[in-house]
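Notes follow the structure.
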């Protein structure tokens with residue numbers, strides 16, 4: 068009985084990177100290398116889908132095993148990621164056909180696309196086009212997003228680590244303010260990521276355990292901002308506790324949908340680029356109450372903070388990468404490995420496949436019952452959900468005081484196609 | 068032979084708190100408790116000098132030993148700190164006399180004042196007044212400041228940890244940007260503390276090891292900002308490396324002394340309160356070049372980040388607290404335990420006493436030979452100085468995903484003086 072010749076695999080990172088997306092890459096690569104009967108060479112798109120479109124592939128086989136292993140503790144996108152959303156099939160079918168052309172040239176039978184909502188949609192469409200063009204390809208989505216907004220999965224790899232960073236930072240920053248509030252800063256504002264979903268802001272709530280603990284106010288994108296109510300609460304906190312710590316999501320907005328702060332620019336996906344709601348909120352408090360304030364904007368630091376990654380998150384990131392390959396060699400396609408929670412205390416979970424089409428372009432926001440009635444805090448149900456996700460530490464190795472992170476060789480795969488491809 | 072009766076000790080925290088000021092407190096307290104022949108009770112000012120002036124003292128002896136031990140890994144000021152500078156002797160001699168009155172009421176023979184420049188000045192004056200009023204008191208300064216600007220000491224406890232946090236954050240943030248620069252953010256700006264001294268900004272430079280590594284530009288308060296030169300360098304970096312990472316000190320200013328960003332408010336010491344230079348620099352770049360940008364302002368997170376403290380820093384913070392008590396029981400007074408570097412590789416240091424009057428109100432900034440000729444980077448000499456200070460990790464214990472930090476009981480010492488004291 069002859070077995071079919073192994074086909075090659077390509078892995079690509081997409082969208083905003085995280086502290087653990089490379090752990091998923093590590094899971095994909097190490098597992099692929101164990102399935103030589105099915106998978107031949109392992110390539111990666113340099114700068115994600117852009118590298119595939121331009122036939123700029125990285126030969127993963129040329130990297131040391133130790134470097135691949137070190138991806139597990141390395142933040143950012145080691146192969147390069149891209150904010151590049153493929154247009155709809157009817158708008159730019161040529162882009163999808165180009166992908167298939169490149170796949171065909173390199174005998175790619177497996178496409179592992181590591182990203183969020185948009186990427187699951189792309190992976191789904193690539194699978195469809197492949198079928199239509201008579202080029203079967205197993206497209207597996209590998210979930211990743213700090214926003215934690217993918218449906219049908221308990222959480223998204225990348226979220227647990229940013230949640231831990233924000234919970235720890237809220238705790239530490241609040242202790243700082245509390246210790247000096249009598250003669251110095253009264254109000255501290257921490258701006259966190261989360262455009263439409265307030266999961267990261269909610270994670271700040273883990274810092275507090277009893278009444279009076281910081282954070283005293285969380286501003287969610289799920290709750291319309293009401294200025295007077297907010298300012299009254301700030302004043303009450305300063306009166307009652309001597310200080311007030313506020314965690315505000317970049318997506319906080321008024322009832323009419325207007326963001327508290329808009330930078331006025333848009334990213335490649337046409338989303339408004341936010342930033343600066345922290346100082347806006349802090350100044351609002353100063354104008355109303357005159358309190359001395361400070362504000363911090365964690366920005367990229369929060370999603371890159373591998374130094375304080377959640378062990379649960381790292382384990383899950385690796386597991387979805389591993390499962391993606393196992394699904395592919397089992398003949399599954401058009402699926403995403405999702406995390407299914409079996410119990411919260413202790414936290415137990417397993418990986419299950421879900422169809423890409425059920426994931427694509429659906430956004431999971433923080434449900435109302437996870438937010439306190441006044442809209443400013445998290446409920447015990449939310450805590451039960453969140454707490455396991457920041458569980459455990461997974462420190463990287465250090466050298467001369469700094470984390471020792473992997474750097475890839477990034478050897479290019481020889482091109483097979485003629486001519487230059489110009490990105491649309 | 069009869070020994071003199073032990074006298075009591077008071078410890079107070081002053082100014083901006085750090086990730087390791089409580090490690091100094093731990094050193095002071097644990098050591099004081101070993102010298103029962105000299106030191107009776109150990110008290111602490113609640114909210115620093117404010118607590119001493121108002122006779123609001125904390126009975127340290129009422130805390131569990133385990134809680135005192137846990138101070139070593141707890142950030143912020145566990146006893147409360149204060150931004151409260153005593154006026155000059157000629158302006159408000161009554162404040163100093165009040166301190167002596169409180170000391171006398173509680174038989175305080177030892178005053179350990181844990182702070183920066185201003186606090187060393189205060190401790191020095193208290194010692195003088197005590198002598199003039201016929202109330203001898205051993206005043207020992209315990210150095211602390213994230214700014215690293217005290218003279219006659221290799222470094223200041225608190226600095227090593229913020230330096231490590233900023234170096235790690237610069238490395239991680241830069242990796243994030245590098246991995247996505249092709250289609251997304253080109254310029255990333257990280258704003259750090261340091262009003263007059265650029266030591267923290269310099270620490271960001273530790274993230275890079277070879278040409279092209281981030282950070283590509285450091286803006287020091289020691290170097291007058293020149294817009295055109297800066298913008299040209301940003302453009303060159305984006306052209307050469309695809310992206311540009313900038314670490315900017317809050318104290319960055321133009322040649323005429325004007326800060327790049329001024330919040331317009333002043334703190335209790337009359338210093339202009341800064342904040343927001345990060346977005347100012349980022350917008351400057353966008354207006355000139357149109358690059359997509361992101362910016363982060365670490366603010367309090369950097370000085371509270373005990374989760375990524377430098378082990379060297381923690382050890383030194385404890386050591387200066389311990390030495391302060393040892394000096395006091397040896398009969399030394401009017402001194403500060405300073406750190407003397409014996410060698411850089413390996414880093415070896417010892418504690419030596421320096422007179423408070425030589426420390427008070429002298430500010431040590433980054434010397435010109437630690438900054439590259441173009442003013443945008445650190446030299447090898449600067450790296451040799453800084454690198455040992457971020458050496459080693461000293462992780463706190465964790466519980467349910469969060470650091471387990473000490474919380475004091477804070478039992479008040481019974482008041483002995485009549486009437487209320489009103490702060491000036």
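Protein chains in written order, with our numbering: chain A, 68 to 491; chain B, 68 to 491.
A virtual CB, placed ideally from N, CA and C, is assigned to each residue, including glycine.
Since we're looking at a predicted model, the values are computed, not measured.
The C-beta distance from residue 473 (chain B) to residue 138 (chain B) rounds to 5 Å, short enough to fall under 8 Å. The Cβ-Cβ distance between residue 385 (chain B) and residue 90 (chain B) falls below 7 Å. The beta carbons of residue 254 (chain B) and residue 358 (chain B) sit closer together than 7 Å.
Note on geometry: alpha-carbon atoms of residue 323 (chain A) and residue 288 (chain A) lie some 12 Å from one another.
Rounded to whole angstroms, residue 415 (chain A) and residue 461 (chain A) show a C-alpha spacing of 18 Å.
Residue 465 (chain A) is bridged by DSSP to A:470.
Straight-line measurement puts the Cα of residue 377 (chain B) at about 37 Å from the Cα of residue 173 (chain B). Per DSSP, the beta bridge partners of residue 361 (chain A) are A:255. Close to residue 470 (chain A), with beta-carbon spacing below 9 Å, are these residues of chain B in chain order: 235, 238, 239.
Interface with chain B (7 Å Cβ-Cβ cutoff): residue 411 (chain A) is excluded.
Note that the C-beta distance between residue 217 (chain B) and residue 189 (chain B) is not below 7 Å.
Judged by DSSP in its simplified three-state form, residue 95 (chain A) adopts helix.
Rounded to the nearest whole angstrom, the CA to CA distance from residue 159 (chain A) to residue 490 (chain A) is 11 Å. Between residue 483 (chain B) and residue 310 (chain A), the alpha-carbon positions lie close to 30 Å from each other. Judged by their CB atoms, residue 433 (chain B) and residue 266 (chain B) are nearer to each other than the 7 Å cut-off. Taking one beta carbon from each stretch, the segment 263-282 of chain A and the segment 393-413 of chain A have fewer than 3 pairs nearer than 8 Å; the two do not touch. Burial is judged here by how many other beta carbons sit within 10 angstroms of a residue's own beta carbon; residue 291 (chain B) has fewer than 16 and is exposed. Taking a cut-off of 8 Å on C-beta distances, the segment 446-456 of chain B does not touch the segment 449-466 of chain A, as fewer than three cross pairs fall below it.
Shown here, residue 185 (chain B) sits in a helix according to DSSP, grouped into three states. In this structure, residue 298 (chain B) places its C-beta atom within 7 Å of the C-beta atom of residue 355 (chain B). Against chain B, the CB of residue 250 (chain A) has a partner CB under 7 Å away; the residue lies at that interface. In this structure, DSSP gives residue 170 (chain B) a helical state, which the three-state scheme calls helix. In this structure the segment 77-90 of chain A touches the segment 174-187 of chain A; the number of beta carbon pairs closer than 8 Å is three or more. With its beta carbon at least 7 Å from every one in chain B, residue 215 (chain A) lies outside the interface. With respect to residue 225 (chain B), residue 379 (chain B) sits apart: the two C-beta atoms are not nearer than 7 Å. Bounds of the beta strand (DSSP E) holding residue 422 (chain B) are 415-422.
By the rule that beta-carbons nearer than 7 Å mark a contact, residue 286 (chain A) does not touch chain B.
Your pair residue 365 (chain B) and residue 368 (chain A) checks out as a contact, with CB atoms roughly 7 Å apart and the cut at 8 Å.
At a cut-off of 7 Å between beta carbons, residue 467 (chain B) contacts chain A.
Around the beta-carbon of residue 409 (chain A), fewer than 16 other beta-carbon atoms lie within 10 Å, marking it exposed. For the 7 Å CB-CB criterion, residue 406 (chain A) and residue 280 (chain A) do not form a contact. Looking only at A:74, A:123, A:101, the smallest Cα-Cα distance to residue 107 (chain A) is reached by A:74. Between residue 479 (chain A) and the set A:104, A:96, A:130, the nearest pair of CA atoms involves A:130.
Ranked by how close their Cα comes to the Cα of residue 284 (chain A), the residues A:439, A:116, A:84 have A:439 in first place. Counting along the chain, the unbroken alpha helix (DSSP H) around residue 447 (chain B) starts and ends at 447-453. Taking C-beta atoms as the reference points, residue 476 (chain B) and residue 142 (chain B) fail to come closer than 7 Å.
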